[in-house]
Each structure stands twice: as structure tokens, then as C-alpha cells.
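A.B. asks: Numbering (the UniProt record's numbering), first residue to last: 1 to 128. Each residue gets a CB set at the ideal place from its N, CA and C atoms; glycine is no exception. Because the structure is a prediction, the values reported are computed rather than measured. This is the structure I want to talk about, given as C-alpha cells.
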């Protein structure tokens with residue numbers, strides 16, 4: 001499997017795990033030194049982001065990938081992902097479905113010990 005295919009698969013696993021609150025999978029995918037910058041500018045580390053998913057503060061009912069580009073570098077030991085997703089956030093205050101579209105950049109690093117891990121997420125909301 002190529003680095004591009006591995007990262008595409010990891011991105012899908014990660015979104016599935018975020019929806020399912022599958023913390024062991026996220027623990028494996030996220031590097032210990034993760035920097036996760038949300039679309040509102042709030043920044044989390046690995047522990048605080050996992051805690052926000054566990055508590056429901058960061059909630060994802062469904063994530064649809066609209067576009068995904070993976071660019072491997074450094075002899076396939078670094079990969080940058082640019083993507084556009086739509087996140088179903090569940091019912092809003094008015095009971096209607098709530099969606100947000102986000103463009104994001106992700107950096108993955110591959111090590112001999114842990115394989116591919118996400119070290120950086122930076123997101124920006126898009127107009128509907």
C-alpha cells in the first residue's frame with residue numbers, strides 16, 4: 001500500500017472513530033505532541049482533545065469527505081493532507097440538523113515505533 005493510500009485510509013478511520021467516540025483508535029492515530037487547532041481558533045493537545053470527544057464537547061454525528069489530497073514527503077515519512085469535509089453536528093438549538101463545512105490541513109509523521117501519526121490539524125470554516 002502506498003503512503004497516499006495509507007493516509008487516506010487513516011483519515012477515514014479517524015473520522016469514523018471521532019463519530020463513534022472510539023478513543024483507543026484516536027489514541028493510536030494522534031501523536032503525543034498533537035496540536036489540534038479548531039475552526040474557531042481554539043487549540044487542543046492530545047489529552048484535552050480526547051477528553052472533549054469523550055465528554056461530547058467535540059461532537060460529530062457524521063463526517064463526509066468532499067475532497068482529499070495527500071502529498072507525501074521526506075521518503076514517505078511525512079505527509080500533508082489538504083481536504084474539505086462536511087460535518088453533521090446533530091440537531092441545533094432549533095431542532096434542525098446542523099452542518100458545517102471545513103477546509104483543513106493535517107500533517108502526519110511516520111516513525112518506526114508507531115507508524116503514521118497525526119501531529120497537526122488546522123481547520124477553517126467555509127461558507128455553506
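Would you call the region 83 to 90 and the region 58 to 72 touching, i.e. three or more CB-CB distances under 8 Å?
C.D. replies: Counting Cβ pairs under 8 Å, three or more are found: they touch.
A.B. asks: If the criterion is Cβ atoms closer than 9 Å, does the pair residue 69 and residue 83 meet it?
C.D. replies: Cβ atoms of residue 69 and residue 83: closer than 9 Å.
A.B. asks: Can the beta-carbon of residue 29 be found closer than 9 Å to that of residue 116?
C.D. replies: The answer is yes: Cβ separation under 9 Å.
A.B. asks: Compute the beta-carbon to beta-carbon distance between residue 7 and residue 104, rounded to the nearest angstrom, for a pair I have assumed lies under 8 Å.
C.D. replies: That pair is no contact at about 13 Å.
A.B. asks: Find the nearest neighbour of residue 38 within the set 113, 106, 114, 110, judged by alpha-carbon distance.
C.D. replies: Minimum Cα distance to residue 38 is reached at 106.
A.B. asks: From residue 32 to residue 48, what distance separates their C-alpha atoms?
C.D. replies: Cα to Cα, the separation comes out at about 11 Å.
A.B. asks: Report all residues from its chain with a CB closer than 6 Å to the CB of residue 43; omit the five preceding and five following residues, and keep chain order.
C.D. replies: Taken in chain order, the residues that qualify are 37.
A.B. asks: Tell me which residues share the same chain as residue 76 and place their Cβ nearer than 6 Å to its Cβ, disregarding the 5 neighbours each side in the sequence.
C.D. replies: Cβ within range, chain order: 3.
A.B. asks: What residue does the alpha helix (DSSP H) around residue 117 start on, and which one ends it?
C.D. replies: First-last for residue 117: 115 to 126, but that is the beta strand (DSSP E), not the alpha helix (DSSP H).
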